[in-house]
Amino acid sequence: MPKVSVIIPTYNAMKYLPDTLESVLKQTFTNFEVLIINDGSSDHILEWSAKLLDPRVKLISQTNQGVSIARNTGIAHAQGEYIAFLDADDLWEPTKLEKQTSCLDNKPTVGLVYTWTILVDENKNTIGKIYASHAEGNVWQKLLETDEMCNSSSAMVRRCCFETVGVFDPNLAFAEDMDMWLRIAAIYPFAVVKETLTLYRQHSTNTTKNREGMIHGLRTLIEKTFQFAPLDLLHLRNRTYASINLGLAWVAIDECNYKKAIYFRQQAILHHPKIRYSDKFIRLSLAILLVRCFGSQGYEGVRSLTHFFRWQLLKVAR
């Protein structure tokens, strides 16, 4: 029986899927199965999969039902004790499964272990932006406020967690992974491997590019999360909305749209006035000023330098 089940939901992603699968097959940990869930693709995935020689790789096809149901199909077919999720356009460093499996083996109370993430472009070139969180243990509140994990491809989950909290919510078109991590975090401690072992690919068809859909999905998630929350935690609701608006402001900055960034920054203040004193708010305000005064090129130059120094500090801190 495989120790780890790797679930890759895919929909018309053949531009990236071969590289994604190769990054799994190059793992130093080899006791795994790969379940590629073809969610009604119209590309040449069937012809491509017929040529795969590794017996650990299986293709499961279904009619198009969305990423949540695709992941749930994978969970239903998975044989592994641990389940790792990988989007069809993302990549892993070779030691990712080895280090996460070791973490769960050595920490039997932990339900989920994630890794640091680095952003890359369509050609796998590093953009420079890094998501590096130190959040461990009881992370429910931290996840709400800052979305520490950033993406679903960094997570490895103990299989029994799904027996406790259920599977992905098919009614959520966006933020379905964050919903799952919150449900797991409400019961189980988290752990983190403090290395950039997940490569999150940025391209024009990322679901995060659909800003309106993302806003609606995040709002649905927040209302669902707090629907049955204890009274003493309801104060976190506005703080969560504030944090999400700061995140949307950063998306606008990446697009060099400082006016939209100012709008989302103001929305964050309206939800939680004290957020203006946070480090994230101050850095955002500086970014807005740079884009406004020096344009996209000036901002990109400063950001690249900042990312370099941050990476050096992370390597020292690790």
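FYI, in our numbering the residues of the sequence shown are 3 to 320.
Every residue, glycine too, gets a C-beta built ideally from N, C-alpha and C.
Contact between the segment 118-128 and the segment 215-230 is absent, with fewer than three C-beta pairs closer than 8 angstroms. Counting other Cβ atoms within 10 Å of its Cβ, Pro11 reaches 16 or more and is therefore classed as buried. Residue pairing by DSSP places Pro11 opposite Ile39 in a beta bridge. By the beta-carbon neighbour count (other beta carbons within 10 angstroms, threshold 16), Lys261 is exposed. When only Cα atoms are considered, Pro96 and Gln102 end up about 12 angstroms apart. Partner residues in a beta bridge of Gln29, as assigned by DSSP, do not exist. Straight through space, the alpha carbons of Gly297 and Leu238 are spaced by roughly 35 angstroms. A straight-line Cα-Cα distance of about 19 angstroms links Leu201 and Tyr13.
With a cut-off of 8 angstroms on Cβ pairs, the segment 125-144 is not in contact with the segment 166-178, counting fewer than three such pairs. Buried is the label assigned to Phe176, since at least 16 other Cβ atoms lie within 10 Å of its Cβ. If you draw a straight line from the Cα of Lys131 to the Cα of Cys152, it comes to about 12 angstroms. In the three-state reduction of the DSSP assignment, Ser44 falls in the coil class, being assigned neither a helical nor a strand state. Excluding its 5 nearest sequence neighbours in each direction, His273 has C-beta neighbours in its own chain below 6 angstroms: Asn240, Tyr243 and Ala244, listed in chain order. A check of alpha carbon separations from Ile271 across Asn74, Asn259, Ser287 and Met180 identifies Ser287 as the nearest. Unbroken alpha helix (DSSP H) stretches of 4 residues or longer found wholly inside the segment 131-167: 142-148 and 162-167, given in chain order.
Residues of the same chain with a CB within less than 6 angstroms of the CB of Tyr116, apart from the 5 flanking positions on each side, are Met151, Ser156, Ala157 and Val194 in chain order. Residue pairing from DSSP places Gln64 in a beta bridge opposite Asp41. For Lys196, no alpha helix (DSSP H) run applies; the uninterrupted beta strand (DSSP E) run containing it begins and ends at Phe192 to Arg203, by DSSP.
Per the Cβ contact rule, the segment 222-230 is not in contact with the segment 248-261 (fewer than 3 Cβ pairs under 8 angstroms). In this structure, the alpha-carbon of Ala72 lies about 29 angstroms from that of Asn247.
Excluding the 5 residues flanking it on each side, Ala188 has same chain C-beta neighbours closer than 8 angstroms at Trp142 and Val167, in chain order.
Every alpha helix (DSSP H) of 4 residues or more that sits fully in the segment 231-270 is shown, in chain order, as 238-256.
Counting along the chain, Ile186 sits inside the alpha helix (DSSP H) bounded by residues Glu178 to Ala187. Cys162 and Gly82 have their C-alpha atoms some 11 angstroms from each other. Collapsing the DSSP output to three states places Val6 in a strand. For Leu93, the secondary structure class from DSSP, reduced to helix, strand or coil, is strand. By the criterion of a C-beta distance shorter than 7 angstroms, Tyr18 is surrounded in its chain by Ala90, Asp91 and Arg203, once the five residues flanking it on both sides are discounted. Restricting attention to Leu61, Asp45, Leu292 and Val293, the CA atom closest to the CA of Ser51 is found in Leu61.
Beta-bridge partners assigned by DSSP to Ala52: none are found.
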